[in-house]
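Take a look at the structure below.
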């Protein structure tokens with residue numbers, strides 16, 4: 001079952017509920033009603049406040065698979081965001097199993113991208129591409145590609161969350177365990193000639209340190 005604001009896509013076989021302030025149906029009230037039906041899986045459109053966060057975490061701890069969204073800079077930053085909302089670290093540790101952060105990156109137009117010598121030390125490629133612009137793209141970019149940062153919450157990361165470790169330390173451990181950051185994923189696209197450093201720096205304030 002889902003609780004959304006608004007319902008953007010109708011999905012066959014899924015019971016979808018839309019938040020309606022005019023009738024007093026908030027995320028919190030909708031979630032409480034859903035839980036009384038004892039569903040196996042719950043999707044919350046967005047966690048916006050402490051009450052919704054508490055219900056979401058409590059639901060996950062009691063055996064429900066809960067999916068939701070948060071506005072954060074990165075996957076590890078979501079932990080700090082939940083703590084800022086008033087959720088105790090031990091509850092986050094017990095209820096969270098993984099976080100996926102995503103961005104849509106503009107793709108260089110294949111018809112006019114310009115090959116140049118690479119002087120940036122962030123990648124080893126001898127040549128890279130930059131945007132130029134033509135009649136087919138009007139600006140140098142055509143289409144977008146998604147990049148993902150997937151953080152799996154294992155026992156070590158759970159312990160760090162419980163101890164309220166610095167988010168940067170949690171991020172470093174996740175990277176040691178194989179997490180590819182958003183920045184590293186964008187750099188791969190630059191090496192392939194699919195996007196530019198302009199796109200990396202455009203998103204740098206949201207993807208954190210390189």
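In full-length UniProt numbering, the protein residues as written are 1 to 210.
Using N, Cα and C, we set each Cβ at its ideal position, and we do this for glycine too.
Quick caveat, the model's predicted, so the values are computed rather than measured.
Alpha carbon of residue i to alpha carbon of residue j, nearest angstrom
| i | j | result |
| --- | --- | --- |
| residue 13 | residue 67 | 17 angstroms |
| residue 188 | residue 110 | 17 angstroms |
| residue 87 | residue 39 | 23 angstroms |
| residue 25 | residue 19 | 6 angstroms |
| residue 207 | residue 74 | Low confidence applies to residue 207: its pLDDT is 49, below 50, so where it sits in the model is not reliable, and the reading given next is rough at best. Their Cα atoms are separated by approximately 6 angstroms. |
| residue 34 | residue 56 | 11 angstroms |
| residue 36 | residue 21 | 21 angstroms |
| residue 116 | residue 125 | 11 angstroms |
| residue 78 | residue 93 | 12 angstroms |
| residue 167 | residue 5 | 29 angstroms |
| residue 58 | residue 200 | 37 angstroms |
| residue 130 | residue 114 | 5 angstroms |
| residue 8 | residue 118 | 42 angstroms |
| residue 76 | residue 112 | 37 angstroms |
| residue 15 | residue 85 | 28 angstroms |
| residue 123 | residue 160 | 31 angstroms |
| residue 23 | residue 190 | 49 angstroms |
Top-ranked residue by Cα proximity to residue i, from the options
| i | options | result |
| --- | --- | --- |
| residue 148 | 107, 184 and 61 | 184 |
| residue 195 | 95, 77 and 107 | 107 |
| residue 150 | 44, 54 and 97 | 97 |
| residue 42 | 63, 117 and 157 | 63 |
| residue 202 | 99, 84, 70 and 186 | 186 |
| residue 27 | 15, 53, 132 and 11 | 53 |
| residue 82 | 61, 50, 103 and 112 | 50 |
| residue 69 | 182, 44, 122 and 157 | 44 |
| residue 3 | 30, 10, 192 and 23 | 30 |
| residue 164 | 90, 133 and 32 | 90 |
| residue 128 | 153, 198, 32 and 204 | 198 |
| residue 99 | 192, 204 and 182 | 182 |
| residue 175 | 204, 134, 152 and 80 | 152 |
Host beta strand (DSSP E) of residue i (start-end)
| i | result |
| --- | --- |
| residue 66 | 65 to 68 |
| residue 17 | 16 to 18 |
Span of the alpha helix (DSSP H) around residue i
| i | result |
| --- | --- |
| residue 167 | 167 to 176 |
| residue 160 | 155 to 162 |
| residue 4 | Residue 4 -> not in any alpha helix (DSSP H); beta strand (DSSP E) instead, spanning 2 to 4. |
| residue 185 | 182 to 192 |
| residue 12 | Looking at the DSSP string, residue 12 is not in any alpha helix (DSSP H), and its letter there is neither H nor E. |
| residue 78 | 77 to 84 |
| residue 200 | 197 to 202 |
Counting Cβ pairs, one atom from each stretch, are 3 or more of them under 8 angstroms apart for the segment 167 to 180 and the segment 134 to 141?
These segments do not touch.
To test your reading of the DSSP string, which unbroken alpha helix (DSSP H) runs of 4 or more residues are found completely within the segment 29 to 64?
Taking only runs of at least 4 residues, the alpha helix (DSSP H) segments lying wholly in the segment 29 to 64 are 50 to 61.
Identify every run of the beta strand (DSSP E) within the segment 89 to 151, keeping only runs that are complete inside it and at least 3 residues long; order them along the chain.
Restricting attention to beta strand (DSSP E) runs no shorter than 3 residues, the segment 89 to 151 encloses them at 98 to 108, 114 to 117 and 127 to 130, ordered along the chain.
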